[in-house]
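Have a look at the structure below, then the notes.
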Amino acid sequence: MKAFKWNTELIIGTFLIGFISLLALTSFFYTPYDPEAMDIVNKLQSPSFIHLMGTDQFGRDVLSRIMVGARLIFFIGISTVCFSLLVGGLLGIASGYLGGFVDTLIMKLIEVKMAFPGTLLALMLISLWGSNMPMIIMALSIMNIPRFTRIVRSGYLQYRNTTFVEAAITGGINPFRIMFVHILPNLASSIYITATLSFASAILSEAGLSYLGLGLQPPLASWGKMLGEAQPYMLQAPYLAIFPGIMITLVVLGFNLLADGVRRL
1 MKAFKWNTEL IIGTFLIGFI SLLALTSFFY TPYDPEAMDI VNKLQSPSFI
51 HLMGTDQFGR DVLSRIMVGA RLIFFIGIST VCFSLLVGGL LGIASGYLGG
101 FVDTLIMKLI EVKMAFPGTL LALMLISLWG SNMPMIIMAL SIMNIPRFTR
151 IVRSGYLQYR NTTFVEAAIT GGINPFRIMF VHILPNLASS IYITATLSFA
201 SAILSEAGLS YLGLGLQPPL ASWGKMLGEA QPYMLQAPYL AIFPGIMITL
251 VVLGFNLLAD GVRRL
């Protein structure tokens, strides 16, 4: 608690992510208006007491769409981090603990993957297989797998020759138990930091893809898609770009501050 009290980054990051999470949770059972309901008569209404963040070019309430968008970005971020952590973590464990030919083979595959720019690879996959939710998650996960593989591998290289691991091997303990019970818990902090950074990266990448029209498709309320739709109305209704832009900034800043805060603990 003392460390948390003086850890400004952790406090601010927790507050920001808590605020976005509250919006996402609230959207499951309440939004001011139907986020997909069009009202052409009231389109492009400036922020007011009736519509706190105004309405878009179709008369949809921006605040309601922001709330639903928070739910979507958390689903995409969590799914991406879980999948990339599972695959990348297993590859890192095998590479770092077994070493030898397995380590060489896995790291060569990771280097081949890293030779392709992540966003370009995501664009290629989505162009081939479509811009549906599962494919977006798959593309973003593939982008983040090398990050988890490298961090887990480095941890296992560090711990596999330590005294407590050698004692466990001498005692005849199952290698899987050594990998997952004796070594893995020591990497919890590094994995958590990597996961928070990967979450922020996934959100930014999804927003970029949606802005280009290759991410989530209408009528889903993606913040990146909202930015793209706001571009023709920048002079007439700048709030259409300001509010989703602020939300993307806050959630990415929050996860980056969380990572910095945990690193200081």
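Positions 1 to 265 (UniProt numbering) are the ones given, in order, by the sequence shown. All residues carry an ideal CB built from backbone N, CA and C; glycine is no exception. Remember, predicted model here, so these are calculated numbers, not experimental data.
Exposed or buried, which one is residue i when buried takes at least 16 other CB atoms within 10 Å?
i: Thr-55; result: buried
i: Gln-45; result: buried
i: residue 267; result: Residue 267 lies beyond the range of the chain shown here (1 to 265); nothing can be said about it.
i: Lys-108; result: exposed
i: Met-247; result: buried
i: Val-152; result: buried
i: Met-226; result: buried
i: Ser-189; result: exposed
i: Gly-254; result: buried
i: Ser-205; result: buried
i: Trp-223; result: buried
i: Ile-145; result: buried
i: Met-179; result: buried
i: Phe-243; result: buried
i: Gly-13; result: buried
May I have the straight-line CA-CA distance separating residue i from residue j, to the nearest angstrom?
i: Asp-61; j: Ala-230; result: 14 Å
i: Thr-31; j: Ile-20; result: 14 Å
i: Leu-16; j: Ser-127; result: 34 Å
i: Glu-9; j: Leu-250; result: 13 Å
i: Phe-75; j: Ile-136; result: 12 Å
i: Ile-50; j: Ala-139; result: 39 Å
i: Tyr-33; j: Ser-79; result: 28 Å
i: Asp-39; j: Ala-259; result: 42 Å
i: Glu-36; j: Val-181; result: 48 Å
i: Arg-147; j: Gly-18; result: 26 Å
i: Leu-216; j: Thr-119; result: 15 Å
i: Gly-208; j: Thr-162; result: 44 Å
i: Ala-195; j: Asn-186; result: 15 Å
i: Asn-132; j: Ile-11; result: 36 Å
i: Leu-184; j: Tyr-156; result: 8 Å
i: Pro-219; j: Gly-69; result: 11 Å
i: Met-143; j: Ile-110; result: 11 Å
i: Gly-172; j: Gly-228; result: 59 Å
i: Val-165; j: Gly-89; result: 19 Å
i: Ala-122; j: Phe-28; result: 29 Å
i: Gly-213; j: Phe-58; result: 18 Å
Report yes if the C-beta distance between residue i and residue j is below 7 Å; otherwise report no.
i: Leu-63; j: Leu-72; result: no
i: Ala-94; j: Val-87; result: no
i: Val-262; j: Ile-193; result: yes
i: Val-252; j: Ala-202; result: no
i: Thr-149; j: Gly-92; result: yes
i: Tyr-233; j: Pro-47; result: no
i: Tyr-211; j: Arg-160; result: no
i: Leu-23; j: Met-67; result: yes
i: Ser-84; j: Ser-141; result: yes
i: Arg-177; j: Asn-7; result: no
May I ask you to report which of helix, strand or coil DSSP gives residue i?
i: Asp-260; result: helix
i: Thr-31; result: coil
i: Thr-162; result: coil
Any heavy atom of the ligand SAM within a distance shorter than 6 Å of the CB on residue i?
i: Lys-113; result: Although the ligand SAM was asked about, the structure shown includes no ligands whatsoever.
*Within the stretch 104-130, ranges of the alpha helix (DSSP H) (whole runs, at least 4 residues)*: 118-129
*Could I get the ranges of all uninterrupted alpha helix (DSSP H) runs contained in the stretch 205-236, with 4 residues as the minimum, in chain order?*
223-230
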